[in-house]
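**Q** In the UniProt record's numbering, the protein residues as written are 1 to 289.
1) Considering only residues of the region 202-235, which uninterrupted beta strand (DSSP E) runs meet the minimum length of 3 residues and lie entirely inside it, listed in chain order?
2) Can you give, in chain order, each stretch of the beta strand (DSSP E) that sits fully within the region 8-90 and has at least 3 residues?
3) Quick one: what does DSSP say residue 243 is sitting in, helix, strand or coil?
4) Among 40, 71, 83, which has the Cα closest to the Cα of residue 2?
5) According to the neighbour-count rule (16 or more other Cβ atoms, all chains shown, within 10 Å of its Cβ), is residue 251 buried or exposed?
6) Could you tell me the alpha carbon to alpha carbon distance between residue 259 and residue 208, rounded to whole angstroms?
7) Can you tell me which of 263, 154, 219, 185 puts its alpha carbon nearest to the alpha carbon of residue 53?
8) Can you say whether residue 59 is buried or exposed, counting buried as having 16 or more other CB atoms within 10 angstroms of its CB?
9) Residue 181 and residue 68 look like a contact to me (Cβ under 8 angstroms); what is the Cβ gap, rounded to whole Å?
10) The beta strand (DSSP E) with residue 6 in it runs from where to where?
11) With burial defined as no fewer than 16 other Cβ atoms inside 10 Å of the residue's Cβ, what is the status of residue 122: buried or exposed?
12) For residue 142, does the three-state DSSP call read helix, strand or coil?
13) In whole angstroms, what is the alpha-carbon distance linking residue 246 and residue 129?
14) With a Cβ-Cβ cutoff of 7 angstroms, do residue 6 and residue 63 count as a contact?
15) Can you tell me where the beta strand (DSSP E) holding residue 114 begins and where it ends?
Shown next as C-alpha cells:
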C-alpha cells in the first residue's frame, strides 16, 4: 500500500488517475474514504491523492510523546508534497485539512496551484463558547464520551455514503487512540498558530471557499468571517453539514470542475460519455462572491 514517511510517521494515501495533481485532505478523525464519490470523478481527468492524517485511517499512530496538532498536520502535508514531487497542486481541504492546505499555500505558494476549502478552520473568530468547547474536547475522556454524539449533528448525513462516514468517525472516536488524537487536535485549535486571520490577505493563490450551512461546529457565520479575511476567494454555500462533498457530491463536482480547469489552464478531453448537465444536489451552489 502507498505510504509516505513524514515527521509524524508513515502516512497512507490513495492515488487514482493521472495528470495534474489534486490532494484531498480530510477533517479530524475522518479519512481518505470521505472523498470517494468525488475522487472517482476527478480521477478521470486528474491525478487525485486522498490522504489519511497521522492516527487516522490507515496511517500510523503517532508517537504518544508527539502531540498531534493542526500545525503538525501542515508539516506532514509539506512532507507528503515533497516526497511525491507533485509540483503545483490543487489542495482540497476539509476543516483542519483546510487549515493545513492554507498553511502550505502561505508558506510555500509555489507548491500550490489553487485551494478548495470546505468548512475550513483557522480563519474565523474564536468566541467564549468555541474556546470552551475546544477546551472540553481537548480532554481525551471528554472527547471519547461526547464526540460520538456530535458527529451526526455536524455531518447531517443525507445519503448512504455520508452515513457510512459518520459511523466510521463515531467508531474511531470511541477508541482510546482516536479520542487521544482528536483531543490533541481540538486543543490545538485555540493556539495562536491556528489563527490565520491576519495572514488571509497574503493568501494569493486561486481559492474556492465552499461551506455547508447546516454545520453546527463551523456554521455559516464562520464561513462569512472566513470569506471576509480571504477577499480574493469565491464563496459558495451548500445546504449540507460539515462534509459538503460527501453529502452533495454532484453539486460539489459541478462547482469544482470548472475551477480546476481555470486553475490548471487546460481543458483536456473528457473521457466520460456525454451527459446532461450535472444536477446541483439538494441545494445547489449559490455564488456570493
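Glycine is no exception: its CB is placed at the ideal position from the N, C-alpha and C atoms.
None of the values given here were measured: they were computed from a predicted structure.
**A** According to the data block:
1) Listed in chain order, the complete beta strand (DSSP E) runs (minimum 3 residues) inside the region 202-235 are 207-212.
2) Secondary structure in the region 8-90: the beta strand (DSSP E) runs of 3 residues or longer, each lying completely within the stretch, are 9-16, 21-25, 47-51 in chain order.
3) The residue given as residue 243 occupies position 243 in the chain shown. Residue 243 falls in the coil class under three-state DSSP.
4) Here residue 2 refers to the residue found at position 2 when the chain shown is read from its first residue. Of the candidates 40, 71, 83, the residue whose Cα lies closest to the Cα of residue 2 is 83.
5) If you number the chain shown from 1, residue 251 lands on position 251. Counting of Cβ neighbours within 10 angstroms places residue 251 among the buried residues, the total reaching 16 or more.
6) Here residue 259 refers to the residue found at position 259 of the chain shown. Here residue 208 refers to the residue found at position 208 of the chain shown. Taking the straight line joining both Cα atoms gives about 8 angstroms.
7) Sequence index remark: in the chain shown, residue 53 carries index 53 (1-based). Relative to the Cα of residue 53, the nearest Cα in the group 263, 154, 219, 185 belongs to 185.
8) Within the chain shown, numbered from 1, the residue matching residue 59 stands at position 59. Buried, by the Cβ-count rule.
9) Here residue 181 refers to the residue found at position 181 when the chain shown is read from its first residue. Here residue 68 refers to the residue found at position 68 when the chain shown is read from its first residue. Contact between residue 181 and residue 68 is confirmed by a C-beta separation of about 5 angstroms, below the 8 angstroms threshold.
10) Walking along the chain shown from the start, residue 6 turns up at place 6. In this chain, the beta strand (DSSP E) harbouring residue 6 covers 3-6.
11) Here residue 122 is taken as the residue at index 122 of the chain shown, counted from 1. Looking at its Cβ environment, which holds 16 or more other Cβ atoms inside 10 Å, residue 122 is buried.
12) In the chain shown, the residue the question calls residue 142 occupies position 142. Of the three classes helix, strand and coil, the one that applies to residue 142 here is helix, per DSSP.
13) The sequence position of residue 246 within the chain shown is 246, counting from 1. The sequence position of residue 129 within the chain shown is 129, counting from 1. So the two alpha carbons sit approximately 28 angstroms from each other.
14) If you number the chain shown from 1, residue 6 lands on position 6. If you number the chain shown from 1, residue 63 lands on position 63. For the pair residue 6 and residue 63, the CB atoms are not nearer than the 7 angstroms cut-off.
15) Position 114 of the chain shown, counted from the start, is the residue given in the question as residue 114. It spans 112-118 - the beta strand (DSSP E) in which residue 114 sits, taken as one unbroken run.
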